[in-house]
Amino acid sequence: MDKKERMETLVKTLNQASDAYYNGRDEIMSNYEWDAMFDELLALEKELGTVLSDSPTQKTGFDSSGEKEAHEFPALSLAKTKKLEDLQNWAGDYPIWLSWKLDGLTLVLTYDNGKLTKILTRGNGTVGTNITFLKDAIEGFPKEISEQGHLVVRGEAAISYTDFALINDTIEDEDEKYANPRNLAAGTLNLDDPKEVRERRVHFYAFTLVYTDRELRSWGERMQYLETLGFSVVEREKGSRDTLPQMVEKWTKRVESGRMDIPVDGLVICYDDTEYAASGSVTGHHATRAGYAFKWKDTSAFTKLRNIEWSCAVSTISPVAVFEPVQLEGTTVSRASLCNLSEIERLGLGETCTLEIIKANKIIPKCISVSDAHGTVRIPEECPVCHAKTQIHISKASGTKTLHCTNPDCTAKHVKKFTRFVSKSGMDIDGLSIQTMLKFMNEGYIHEFADLFRLPEHFDSISRMEGFGEKSCENMAKAIEKSRNVHPVRFIYALCIPMIGTDAGKKIVRSIGFDAFMERMKNAQGLEDIDGIGEEKSGSILRWYQNPANQAELEHLLKEVRIEPVAPEEASQGRCAGITFVITGEVHHYKNREEFKNYVESEGGKVAGSVSKKTGYLVNNDTESASSKNRKAKELGIPIISEDRFLELFGSRKEEKQHAD
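Counting from 73, one number per residue, gives the positions in the sequence shown under this note's numbering.
In structure tokens form, the structure reads like this:
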């Protein structure tokens with residue numbers, strides 16, 4: 073293959089990888105591999121003096137679908153380097169700012185007359201996709217601001233490592249899992265359902281104020297101004313050419329510590345003088361003075377494979393390479409995920425072999441090559457959790473091979489139920505994340521809910537597991553012991569009965585109490601007579617209890633916990649008794665609408681989601697708004713009251729005093 077053909081191959085391969093990377097599909101290669109090929113392409117372009125029209129060296133990003141719209145100000149990419157001296161030479165004698173290069177999806181937000189009017193993805197830098205319909209689904213920026221002029225903000229939409237792991241572990245279809253947080257963020261912002269996007273906790277971090285009518289020449293002042301307006305703003309530190317080495321070292325060590333939850337893939341410096349920064353030229357798709365990105369050099373280490381561990385999460389059994397410990401980026405590494413069977417084949421893994429390991433973005437251990445491989449990796453024939461037979465699945469879409477447990481009742485497949493069980497709305501057991509529970513399931517410690525209360529029996533072994541210790545076990549023991557006393561509503565929610573959430577639990581406990589609830593289930597006596605339960609939910613409760621496995625699990629659980637005594641309440645009691653409220657808009661006295669709702673229900677009232685003839689009051693702090701709920705209330709002659717007026721009419725003395733204070 074001559075150099076021209078090699079260039080064409082590189083362009084094609086890199087474009088395919090970028091398309092997957094920017095649009096949330098399966099990752100084709102690691103950043104380490106992509107950077108190496110990109111650098112090779114740059115060198116060939118320079119040597120041959122030619123650049124192909126579709127070369128990734130001339131592109132800023134990709135967008136797959138949605139309504140396209142031109143950017144008011146081109147969203148150009150930054151030039152990158154792995155050399156500290158390049159940063160210093162670029163800084164020159166000007167004051168600069170250092171900040172994170174966040175690993176997410178760039179968005180551009182536009183405000184006019186104090187209101188958010190547009191959200192565009194970066195796209196190719198000149199044209200992006202309009203995703204304004206997701207404005208209520210993304211965290212980190214205000215919908216309204218005090219600035220009444222024209223304002224344009226650019227920032228990064230990212231998903232934390234914690235949320236990434238939580239979401240990925242609950243996705244049953246292996247083809248729908250995501251390679252990394254950046255891949256997940258891109259895939260999420262391609263979704264059409266704002267509710268689903270909101271559940272994935274995408275957070276926006278502003279990294280530059282592109283335009284404002286105000287006279288703000290300092291980049292630092294601009295970022296401070298964005299904070300006062302209510303934006304989440306990227307972390308930053310002011311410095312100079314002389315202080316850059318110490319700053320870069322300090323920030324790099326923070327990443328190497330492993331405590332960074334926001335994904336980053338480098339650092340960025342920019343000039344404090346925004347007028348000077350804007351005076352640069354444009355080379356290709358880079359604005360020469362807009363900023364300079366610093367990417368860390370990936371350091372690799374060679375080590376011997378010890379064994380492969382297999383762990384079941386939801387429905388997939390995933391391999392993890394366990395190898396002789398090596399020092400990488402300031403920490404000791406001894407494990408790396410191998411993702412799936414296809415990755416084992418791609419790497420050419422053997423029963424014994426030498427692995428080359430890196431820490432992607434200085435955080436995630438990854439195997440990038442294998443040498444001296446001997447023997448064949450043994451694929452387990454049974455699930456490590458339930459010991460049922462395994463089955464190899466080949467994706468029709470991607471051809472990816474994955475290993476699955478064939479038992480539909482495998483504990484690991486129902487980890488979502490355990491997550492609900494330990495949640496704050498349930499048993500409120502702090503410190504038991506999905507990842508922790510899956511680890512304990514794979515060790516054989518957890519099979520049913522009651523086993524969570526027996527975990528202290530295994531603390532001697534758990535304290536020696538990676539990521540745990542005596543202090544972790546001590547904290548876990550305290551959280552487990554504290555949760556043994558539980559309110560009946562939270563207990564009913566934790567049981568994971570289909571269709572029965574917190575609201576249904578409150579209605580049951582308020583109406584008949586927990587003991588009567590148990591008696592009715594045992595006697596197969598319906599609960600449809602309870603206001604707000606009805607035949608469908610009543611039937612769901614009885615069907616759940618008629619399952620012998622559920623009965624046994626409930627019986628075991630009741631031996632481990634104490635249900636707090638809560639007497640049934642009369643419907644006629646309380647200051648809101650017999651009244652149905654609809655609550656809309658922002659609230660300022662209560663922490664949120666859920667707390668407001670809880671108060672109404674505690675006082676014998678009801679809260680509905682829509683206005684009807686049965687509605688007693690619509691509570692809206694913007695009583696004169698033209699919202700659909702306000703219009704409907706006016707049509708039906710239903711009073712529209714503010715939160716303050718609600719407190720005057722229905723607030724308890726305690727509520728009134730808190731409000732007055």
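From the three backbone atoms N, C-alpha and C, an ideal C-beta is built for every residue, glycine too.
Whether residue i touches residue j by CB criterion (9 Å)
{"i": "residue 223", "j": "residue 281", "result": "yes"}
{"i": "residue 577", "j": "residue 640", "result": "no"}
{"i": "residue 375", "j": "residue 298", "result": "no"}
{"i": "residue 197", "j": "residue 149", "result": "yes"}
{"i": "residue 692", "j": "residue 656", "result": "yes"}
{"i": "residue 659", "j": "residue 668", "result": "yes"}
{"i": "residue 451", "j": "residue 464", "result": "yes"}
{"i": "residue 201", "j": "residue 139", "result": "yes"}
{"i": "residue 602", "j": "residue 552", "result": "no"}
{"i": "residue 116", "j": "residue 320", "result": "no"}
{"i": "residue 683", "j": "residue 698", "result": "no"}
{"i": "residue 165", "j": "residue 313", "result": "yes"}
{"i": "residue 256", "j": "residue 240", "result": "yes"}
{"i": "residue 703", "j": "residue 676", "result": "no"}
{"i": "residue 516", "j": "residue 547", "result": "no"}
Residue(s) in a DSSP beta bridge with residue i
{"i": "residue 290", "result": "345"}
{"i": "residue 184", "result": "187 and 222"}
{"i": "residue 216", "result": "187"}
{"i": "residue 439", "result": "429"}
{"i": "residue 561", "result": "Its beta-bridge partners do not exist; DSSP assigns none."}
{"i": "residue 522", "result": "Residue 522 is not bridged to any residue."}
{"i": "residue 388", "result": "385 and 476"}
{"i": "residue 680", "result": "654"}
{"i": "residue 202", "result": "192"}
{"i": "residue 277", "result": "228"}
{"i": "residue 374", "result": "428"}
{"i": "residue 464", "result": "475"}
{"i": "residue 394", "result": "379 and 407"}
C-alpha gap between residue i and residue j, whole angstroms
{"i": "residue 477", "j": "residue 532", "result": "29 Å"}
{"i": "residue 365", "j": "residue 490", "result": "43 Å"}
{"i": "residue 438", "j": "residue 423", "result": "18 Å"}
{"i": "residue 499", "j": "residue 626", "result": "14 Å"}
{"i": "residue 96", "j": "residue 236", "result": "Note that residue 96 scores a pLDDT of 46, beneath 50, so its modelled location is shaky and nothing firm can be said."}
{"i": "residue 238", "j": "residue 555", "result": "22 Å"}
{"i": "residue 252", "j": "residue 274", "result": "14 Å"}
{"i": "residue 132", "j": "residue 195", "result": "Interpretation of residue 132 is limited by its pLDDT of 49, a score under 50 that renders its predicted location unreliable; no figure is taken from the coordinates."}
{"i": "residue 405", "j": "residue 209", "result": "37 Å"}
{"i": "residue 595", "j": "residue 721", "result": "43 Å"}
{"i": "residue 589", "j": "residue 207", "result": "42 Å"}
{"i": "residue 479", "j": "residue 526", "result": "24 Å"}
{"i": "residue 520", "j": "residue 620", "result": "14 Å"}
{"i": "residue 163", "j": "residue 367", "result": "16 Å"}
{"i": "residue 370", "j": "residue 308", "result": "23 Å"}
{"i": "residue 146", "j": "residue 352", "result": "14 Å"}
{"i": "residue 316", "j": "residue 425", "result": "41 Å"}
{"i": "residue 152", "j": "residue 284", "result": "27 Å"}
{"i": "residue 572", "j": "residue 346", "result": "56 Å"}
{"i": "residue 348", "j": "residue 141", "result": "29 Å"}
{"i": "residue 216", "j": "residue 190", "result": "12 Å"}
{"i": "residue 642", "j": "residue 671", "result": "Summary for residue 642: the model assigns pLDDT 48, below 50, so the residue's position carries little reliability; its value from the coordinates is reported in the next sentence. So the alpha carbons of these two residues sit roughly 16 Å apart."}
{"i": "residue 144", "j": "residue 311", "result": "31 Å"}
{"i": "residue 415", "j": "residue 258", "result": "23 Å"}
{"i": "residue 716", "j": "residue 267", "result": "30 Å"}
{"i": "residue 481", "j": "residue 487", "result": "11 Å"}
{"i": "residue 388", "j": "residue 688", "result": "51 Å"}
Expected contact under 8 Å - CB spacing of residue i and residue j to nearest Å
{"i": "residue 599", "j": "residue 569", "result": "With 8 Å as the limit, residue 599 and residue 569 do not qualify as a contact, their Cβ atoms being about 11 Å apart."}
{"i": "residue 301", "j": "residue 214", "result": "6 Å"}
{"i": "residue 82", "j": "residue 119", "result": "Going by Cβ atoms, the distance from residue 82 to residue 119 rounds to 13 Å, so no, they are not a contact pair."}
{"i": "residue 229", "j": "residue 177", "result": "5 Å"}
{"i": "residue 394", "j": "residue 419", "result": "Residue 394 to residue 419, Cβ: 15 Å. No contact."}
{"i": "residue 80", "j": "residue 124", "result": "7 Å"}
{"i": "residue 788", "j": "residue 633", "result": "There is simply no residue 788 to check, as the chain begins at 73 and stops at 733 in what is shown."}
{"i": "residue 674", "j": "residue 565", "result": "No, residue 674 and residue 565 are not in contact; Cβ-Cβ is about 17 Å, not under 8 Å."}
{"i": "residue 211", "j": "residue 303", "result": "The pair is not a contact, with the Cβ atoms about 11 Å apart (cut-off 8 Å)."}
CB contact below 9 Å: residue i versus chain D
{"i": "residue 81", "result": "Absent from the structure is chain D; it holds one protein chain and no more."}
The segment 158 to 178 / the segment 328 to 342 touching (three or more Cβ pairs under 8 Å)
yes
So does the segment 496 to 516 actually touch the segment 535 to 551, counting three or more Cβ pairs closer than 8 Å?
yes
Between the segment 152 to 171 and the segment 338 to 350, do three or more beta carbon pairs fall short of 8 Å?
yes
With contact counted as at least three CB pairs below 8 Å, one residue from each stretch, are the segment 375 to 385 and the segment 455 to 462 in contact?
yes
Stretch pair the segment 177 to 191 + the segment 392 to 401: three plus CB contacts closer than 8 Å
No, the segment 177 to 191 is not in contact with the segment 392 to 401.
Are at least three pairs of beta-carbons, each pair with one atom in the segment 460 to 474 and one in the segment 405 to 423, less than 8 Å apart?
Yes, the segment 460 to 474 is in contact with the segment 405 to 423.
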